[in-house]
Structure formats: structure tokens, C-alpha cells
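S.K.: Before anything else, here's the structure in question.
Put into C-alpha cells, the structure is as follows:
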């Protein structure tokens, strides 16, 4: 488990931010090696910055009550980050064609940055899994065999499901597949949303529920439908161009 902060002499950097920066630099490096285009690499960093800002703003909006009490909670809203990255990608496509990352690069970036967020959540106690107990689950149950001693949002340790690890693995596989199959951008968004939708069933943090689903799962469904619409639209355009 990573420390909460990395200390460099008089300076201290949250492991959350450090992992995000590292992931963004990796994506930019992969982009440059594939395209040998510095503008595209800078475009990736711009999209990553947009994801960081929108994710941070989205998290603060979800925690307005804490802000009213004078607290400044730390964290990122993954769905807001994905939306911000998508908006930045479309803006670059319109106003700076030379800087816009490719569709595959965007799909890779969504998965890579999402995996970094999931890993950094472990030590910070966000998106934590529900608690499991051998007395209830059974000491030979799959849930107990998979349990880890990770903290919740109060940094209290207890045996719980490693939801952050599940999501990081899912997104790591998605990042690799994006490069292998040259996935379109919408497929990267869909991969993230489908993984998060499933992992939400295993989470132990509080969330508003509508019709038996957590609010985050409804956001996932919106992303899946939007991505499916974008994929269908691209196929329709390609079919018309081939006529």
C-alpha cells in the first residue's frame, strides 16, 4: 500500500497526485513514441489536466456539505474526470487538429489514468470495499479469501473486499487492449463504465440509491449509452462514406 504522501526534502506530494502525474507522463511518452509528434504528446497532457480539474471539481461538488463546514475533502470524481477528458478531446479536435490525441490514445489514457486513480484510492481510503467477516461469510468463502486489511474514508482498517484492486486490474487490461486492438475513444469510456458498474456492487461507502442502483451506477449507464451512441454514429458515417 502506498503512503499518503511522498516527501522530498521540504516538499510533500500526495500519492494520489503523484500517481496521476506519472500515468499522464506514461501516456504522453507512449503517444510520442508512436507518433513522434510532440504536439500530440502535449495534447495528451492537456486532456489529462482537464480530467484532473474536472474530477477534482466534481468531487468537491459532491461534498458541498463538507465545504460548508470549512473542510476541504481530498479526492476525485472519476465520472466527472472522464467527462472532462472527453470534452477536452473534442475541443482539441475542433480547434487544434495538430494537438489532438488519436482515438486509441484517448481510450488508453482513460484506462491508464483510471487505474492510477484506483491504486491511489487504496491508501487514501476512497471507493473502499464492503467489510467481510469470517464469522458471517465463512472462513473458506471467496469473499474472505480475497479480503484485505485496507482503510475506509476515516482511515480505519478492517477486512474488506479490495474493490480498488479489482478496478485497477480491469482498467490495466483495458489499457493494454486499447493499444493492441487500436480501440476507438468511445470504447475506452465504455470499458471504464462497465467495470465501475460491476465494482459498485462490492463497495462499502455510502451513496444515494435509485431503483436499487447506486447513483454512480446510473452515471455509468449514461456513459455506456453515450459511448454506444458514439460508436454507432461512427459506423454509420463510415458506411455512408463507403457508398
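In my numbering, the protein residues as written are 20 to 262. All residues carry an ideal CB built from backbone N, CA and C; glycine is no exception.
Hey, would you say residue 181 sits closer than 9 angstroms to residue 249, going by beta carbons?
M.R.: no
S.K.: Does the beta-carbon distance from residue 95 to residue 138 come in below 9 angstroms?
M.R.: Their beta carbons are not under 9 angstroms apart, which means residue 95 does not touch residue 138 by this criterion.
S.K.: Name the residue from 66, 58, 72, 65 whose alpha carbon lies nearest to the alpha carbon of residue 36.
M.R.: Among 66, 58, 72, 65, the Cα nearest to that of residue 36 is on 72.
S.K.: Note down, in chain order, each residue of its chain lying with its Cβ closer than 6 angstroms to the Cβ of residue 103, except the 5 sequence neighbours on either side.
M.R.: Contacts found: 69, 70, 73.
S.K.: Check for me: the alpha helix (DSSP H) holding residue 215 runs from which residue to which?
M.R.: 204 to 218
S.K.: Drop a sphere of 10 angstroms on the beta-carbon of residue 29, count the other beta-carbons inside from all chains shown, and report buried for 16 or more, exposed for fewer.
M.R.: The residue in question, residue 29, is exposed, as its Cβ has fewer than 16 Cβ neighbours within 10 Å.
S.K.: In terms of residue numbering, what span does the alpha helix (DSSP H) encompassing residue 98 cover?
M.R.: 97 to 114
S.K.: What is the rounded straight-line gap between the Cα of residue 67 and the Cα of residue 132?
M.R.: 8 angstroms
S.K.: Measure from the alpha carbon of residue 212 to the alpha carbon of each residue in 46, 111, 87, 241, then state which is nearest.
M.R.: Among 46, 111, 87, 241, the Cα nearest to that of residue 212 is on 241.
S.K.: Just to confirm the assignment, what range does the beta strand (DSSP E) spanning residue 143 have?
M.R.: Where residue 143 is concerned, there is no enclosing beta strand (DSSP E), although the alpha helix (DSSP H) it sits in stretches over 122 to 143.
S.K.: Among the candidates 239, 80, 128, 148, whose CA atom is the shortest distance from the CA of residue 221?
M.R.: Distances from the CA of residue 221 to each of 239, 80, 128, 148 were compared; the closest alpha carbon is that of 148.
S.K.: Assuming residue 17 is part of the beta strand (DSSP E), what are its boundary residues?
M.R.: An answer regarding residue 17 cannot be provided, because it is not within the stretch 20 to 262 covered by the chain.
S.K.: Under 7 angstroms Cβ to Cβ from residue 11, same chain only, skipping five residues before and after it: list those, please.
M.R.: Coverage of the chain is limited to positions 20 through 262, which leaves residue 11 absent and any answer about it impossible.
S.K.: Can you tell me where the alpha helix (DSSP H) holding residue 45 begins and where it ends?
M.R.: Per DSSP, the unbroken alpha helix (DSSP H) holding residue 45 starts and ends at 34 to 54.
S.K.: Since residue 62 and residue 119 are thought to touch, with beta carbons under 8 angstroms apart, how far apart are those beta carbons, to the nearest angstrom?
M.R.: 6 angstroms
S.K.: Can you tell me the Cα-Cα spacing of residue 86 and residue 98, whole angstroms?
M.R.: 20 angstroms
S.K.: Under the DSSP definition of a beta bridge, which residues are partnered with residue 31?
M.R.: The bridge partners DSSP lists for residue 31 are 26.
S.K.: Within its chain, find whatever has a CB closer than 6 angstroms to the CB of residue 177; leave out the 5 residues flanking it on each side and keep chain order.
M.R.: 150
S.K.: Helix, strand or coil for residue 232, going by three-state DSSP, please let me know.
M.R.: strand
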